[in-house]
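**Student:** Using the UniProt record's numbering, read the sequence shown as starting at 1 and increasing by one per residue. Just so it is clear, CB atoms sit at the ideal spot from N, CA and C, and this is done for glycine as well. Just dropping this structure here.
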Amino acid sequence: MGPVLQEAEAPDFDDEAQLNDNDDEEFVSDADSDEMELRGDIAKFDQSVREFLSSHHGGGTSGGGDEDEDDEGGIRRPAPPTKFKNATRGGVRGPRKAAEPRGDIKLRLAGVNQAFMSGDYARAQNLVFEIIRINAETHQAWTVLASIFREEGLNDKALMAMVIAAHLRPKDFAAWMHCASFAMSLAEAGQEGALKTALMCYSSAIKAQPTNLDARLGRAESSHRQGFLSQAITEYSYVIERRPLDIDIVRRLAEACADSGGMEDVHKAVSAYKTYFAHARTADRDMERELSWHDVSIYVELFACAGDFLNAITELKSLSRWLLGRQDDHKWDDCVDDREWDRDDTRRAQFHSFDPSTHGLYAYGLGLPLEFRARLALYRLKIRDEESNGHLRWLDPTESATATAIGDFPYLIRDIADELFVVQRYSEALDYYELLRHSIYGQDATLLLHLGRCYLTKSDLVAAEDCFLVAIEVDESNIDARIELARIYEKAKEEEEALILVTEAIALQGINDNGDQFGNGRGDLGGDPRRSASGARTSALANCNKPRRKRETKREPANSGIVRPRYRPKRLVAPDQRMQEERARADELTRRYEVVRNLKKDIQAGDHSLIPTWMAAAGDLVGEFRSFRKFYPWDKYLKFLGAANDVVFSASSRTQPVLSELAERLSKNMAPSLSDDKRMNVTYEDDGYRGIPFGEWLELFLDYAISLALANRAEEAYQVCEAARDSIVFVNSKDYMFLIHVAWAACAIYLSDEEMCVAVARFFMKVRQLDSDSYRMFAALCRLCQSPASWYNSGPAQKYILRQIKIIDASHFATAHTERGHEATVGGRAGTAEAKQLDICLLMLYGHILFTSTSYTFALSKSSLHFPKSFALTPEIKNKLT
């Protein structure tokens, strides 16, 4: 082959490439522009991936050259991964910068701002909701929404929007603090749940800036107010380590530690105060001016909380001496009594090295505030020191200064009275209790209980009865007041009321066996009189005698509605006074009944918003009627009290021995009268109670029961119907009993309670055995009840209907002589009614019950006996068919 031929046959690569390029240009010219744009984006992405890999695989020019060589060779080998043990992360750490909002969102935000500035909050709110619908993470939308809600007065919604906005920027410390301060302001205004939000916001602020002391203080404050004392103490301790000379923080720590009551916590507060006092004694006058009697009060109370009354007395005298200008007068540190604080120099002159000319009388006893005089008296009483008597003379209950002290430091006066009661100085304790009773702190069950016992020591039974009755009124779960009152009534031959009180006490004791042994019922001033000074008093002193609310325990109250409140007349007062109180009570009930009637008229006129008010008023009147002992047999009345029928006769072994003995003694004395209850024949004047006729009382009962059923309160509705049925006022009237059971059936229908419908219908069939309407009522009630026919065709219902058929069969086919004998053997179920033909309704009802039971073979065998009877008893139908 010649060279010319070889040159001719050799391919021209340049020409081929040019041809391919021309073909590509033609192809590209026809290509879709979108596809080319996508390919360009992919190419850029691939290039960025290659640059990223090259930078992490050693980068540099050599790496780039190797990659080019691989590409040129057609084979691409990735470089082996290199491990960098000490490599540091590149870039700035922290949250990424928020993405720029899209154009449409910016446009809407501009509209929101314009509408907000012009006051068109509705339009601004609609635009914000539209932005949130598009992108819920738009921070500015939530902040503007919070501002709109605040302008409209919807503070709870504003707080929620602010919290959501803060969550979108979790590292924004200022945003969290703003949310927290707003939540605390809402909590101060009484908004429920705002404290929890504030605590969460302060915690988030601390995560953003862990060393910020303001956030720590905020979390401590919100924790303390919610009762999370350990967390509050931890935060206060953190702050006080860095600011030990801040008296405000020292005070807050002392409050939290006193409320906690733990010895370790109390020692923390004592240590903080000691540090401050040590510095204040050596510092300038400015720091000393920051110190006040208020701080001394908190400080010495911390020792009292720990039960260290001797050190409390020592510190009180030392700091009082300092505040009165005798900081260098250390000779009194060796004096074991309190002569230093006497009114005059008589005893002080007997102390060595005392010079009356050095300081005036107001640097000694006359300068000591009355509150600290009361503290010295209390602490001396705690350690059984006779020095307390000298201080108590400054607190004479007959003087106006002591009455004023009740408003200034009521907890101290209460503790002094309790301590006097403990040491059996009842006469003195009684005077202080009476002072407290006539103040705003008098509605306290434990105070009234102790006051009543003080009157018992003076044999003043009338005053004691009044105290115990008011104690029960204040705290319906108080057991001790009932026991004391039962003892008084037992001695006064009011044994029935005593037994009722004991029954209530045993019922309450059974509830309390699962929780506290007794409810102290002390309220704001509550507690055991034997306790040491409580931390609650310290909080009250630190907050101008307004006790800080502690964390509420999540448990039911001791009573829980088991023992219902009832009217308790005074039984030991003079007859004329008792009659006067009864008339006043009757007038009050008549007035309340008129209110109920007027509310009912307004509701019937169409004002349904008054239904809850009417139900509350009607419930009070129904409870008043049910609490009247003479209207109910003993066992039914015990049921109303919340006790079992034999609760008194078989008291629990866990009951107090004193209570058990009292119950057993009263039950034995009352057993004959209770078993032979003659109240069934009692007649009542004017056919009414408290001036209201019994017919209207019954109407009130039934209206209230149906209202309860409409409110889906089934158990209460049935209890009211049962109470009306059990009352001896209504039980002997057929008309009353018929109305009661009709209302009972209506309640069952409203509640879709088929079982109760069947039970009520059986009552009608029982009292009207030979009346077809009773069987129609049974079928109608079961038909109206919107529930499966499970009780309609149940075994008990079938047997009951069959017994009714047999009774009528016996009365129809027997002779007159046989009929009378059969009535005696059957038990008088048919009574003395005249013989009647078989009831078609009864036969058909039984057949339908058998049919709906789906046992068709059994139903056929039984129905074949009764349907022919029904057919034979309907001659008009039989004639038409034949």
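Determine contact between the segment 384–402 and the segment 331–351, defined as no fewer than three beta-carbon pairs at a distance below 8 Å.
**Tutor:** yes
**Student:** Could you name the residues that DSSP lists as bridge partners for tyrosine 689?
**Tutor:** Ile692
**Student:** Assuming leucine 310 contacts glutamate 371 (C-beta within less than 8 Å), just tell me the rounded distance between them.
**Tutor:** Not quite, the Cβ-Cβ distance comes to about 20 Å (not below 8 Å), so this is no contact.
**Student:** Between lysine 268 and glutamate 192, what straight-line distance do the alpha-carbon atoms span, to the nearest angstrom?
**Tutor:** 32 Å
**Student:** Whose CA, out of Lys171, Gly452, Gln443, Glu434, lies closest to the CA of alanine 403?
**Tutor:** Glu434
**Student:** Write down the C-beta distance between leucine 599 and threonine 613 rounded to the nearest angstrom, noting that I regard them as a contact closer than 8 Å.
**Tutor:** 6 Å
**Student:** Would you kindly work out how many angstroms separate the C-alpha atoms of arginine 713 and glutamate 722, rounded to a whole number?
**Tutor:** One C-alpha to the other measures close to 14 Å.
**Student:** Could you check the C-alpha separation between alanine 746 and threonine 138 for me, to the nearest Å?
**Tutor:** 56 Å
**Student:** Looking at alanine 232: is its Cβ nearer than 7 Å to the Cβ of serine 223?
**Tutor:** yes
**Student:** Can you tell me whether asparagine 478 is buried or exposed? The criterion is at least 16 other CB atoms within 10 Å of its CB, across all chains shown.
**Tutor:** The residue is buried, with at least 16 neighbouring Cβ atoms inside 10 Å.
**Student:** On the premise that glutamate 315 lies in contact with alanine 258, defined as a C-beta separation below 8 Å, what is that separation, rounded to the nearest angstrom?
**Tutor:** The pair is not a contact, with the Cβ atoms about 15 Å apart (cut-off 8 Å).
**Student:** Check this for me: beta carbons of methionine 162 and alanine 146, under 7 Å apart or not?
**Tutor:** yes
**Student:** With distances taken between CB atoms, is the gap from leucine 291 to valine 462 smaller than 7 Å?
**Tutor:** Not in contact: leucine 291 and valine 462 (Cβ atoms no closer than 7 Å).
**Student:** What's the call for leucine 366, buried or exposed, on a 16-neighbour Cβ count within 10 Å?
**Tutor:** Around the beta carbon of leucine 366, fewer than 16 other beta carbons lie within 10 angstroms, which makes this residue exposed.
**Student:** Is it right to say asparagine 681 is buried, meaning 16 or more other beta carbons lie within 10 angstroms of its own, or is it exposed?
**Tutor:** Residue confidence is low: asparagine 681 scores 48 on pLDDT, short of 50, so the model does not pin down where it sits. Its coordinate-derived value is still stated next. Exposed, since its Cβ has fewer than 16 Cβ neighbours within 10 Å.
**Student:** Taking all protein chains shown into account, decide if alanine 507 is buried (16 or more other Cβ within 10 angstroms of its Cβ) or exposed.
**Tutor:** buried
**Student:** For glutamate 130, which option in Ala349, Ile706, Arg585, Arg108 has the closest C-alpha, if you only look at C-alpha atoms?
**Tutor:** Arg108
**Student:** Assuming leucine 217 and serine 237 are in contact, meaning their beta carbons sit under 8 Å apart, how far apart are those beta carbons, in whole angstroms?
**Tutor:** With a Cβ gap of about 12 Å, leucine 217 and serine 237 do not count as contacting.
**Student:** For the alpha helix (DSSP H) containing glycine 262, list its first residue and its last residue.
**Tutor:** No alpha helix (DSSP H) contains glycine 262, which DSSP labels as neither H nor E.
**Student:** If I measure Cβ to Cβ from alanine 429 and keep anything under 8 Å in the same chain, skipping five residues before and after, which residues do I get?
**Tutor:** Ala417, Asp418, Leu420, Phe421, His450, Cys454
**Student:** Are the beta-carbon atoms of serine 733 and phenylalanine 631 separated by less than 7 Å?
**Tutor:** no
**Student:** So, does the segment 200–213 touch the segment 169–181, judging by three or more C-beta pairs under 8 Å?
**Tutor:** These segments touch.
**Student:** Between which two residues does the alpha helix (DSSP H) holding proline 101 run?
**Tutor:** Here proline 101 belongs to no alpha helix (DSSP H), and DSSP marks it neither H nor E.
**Student:** Using 10 angstroms around the beta-carbon of aspartate 349, count the other beta-carbons present and answer buried if the total reaches 16, otherwise exposed.
**Tutor:** Here the sequence assigns alanine to residue 349, which means aspartate is not the residue at that position. So alanine 349 ends up on the exposed side.
**Student:** I need the boundaries of the alpha helix (DSSP H) containing alanine 628, first residue and last residue.
**Tutor:** In the sequence on display, residue 628 carries phenylalanine and not alanine. Counted as a single uninterrupted DSSP element, the stretch harbouring phenylalanine 628 is not any alpha helix (DSSP H), since DSSP gives it neither H nor E.
**Student:** Sort Ala618, Arg373, Asn669 by Cα distance to asparagine 494 and report the nearest one.
**Tutor:** With the sequence shown as reference, residue 494 is identified as glutamate, and asparagine is not the correct amino acid for it. Taking only the C-alpha atoms, the option nearest glutamate 494 is Asn669.
**Student:** Are arginine 410 and tyrosine 441 closer than 7 Å when you measure CB to CB?
**Tutor:** Residue identity differs from the one stated: residue 410 is proline in this sequence, not arginine. Yes.
**Student:** What span of residues does the alpha helix (DSSP H) with leucine 571 cover, start to end?
**Tutor:** Here residue 571 is arginine; the residue named in the question, leucine, does not match the sequence. Unbroken run through arginine 571: none, as it is neither H nor E.
**Student:** Whole angstroms are fine: how far does the CA of arginine 321 sit from the CA of tyrosine 364?
**Tutor:** 8 Å
**Student:** For phenylalanine 13, name the three-state secondary structure that DSSP assigns.
**Tutor:** At phenylalanine 13, the pLDDT of 37 sits below 50, so the modelled position is not reliable; the number obtained from the coordinates is stated separately. Reduced to three states, the DSSP call for phenylalanine 13 is helix.
**Student:** Between leucine 324 and alanine 180, what straight-line distance do the alpha-carbon atoms span, to the nearest angstrom?
**Tutor:** 42 Å
**Student:** How about proline 569: is its Cβ closer than 6 Å to a heavy atom in the ligand ATP?
**Tutor:** Absent from the structure shown: the ligand ATP. Ligands present: none.
**Student:** Closest by CA to histidine 359, which one among Arg384, Ala377, Pro244, Asp328?
**Tutor:** Asp328
**Student:** Express the C-alpha separation of aspartate 480 and leucine 319 in angstroms, rounding to a whole number.
**Tutor:** 42 Å
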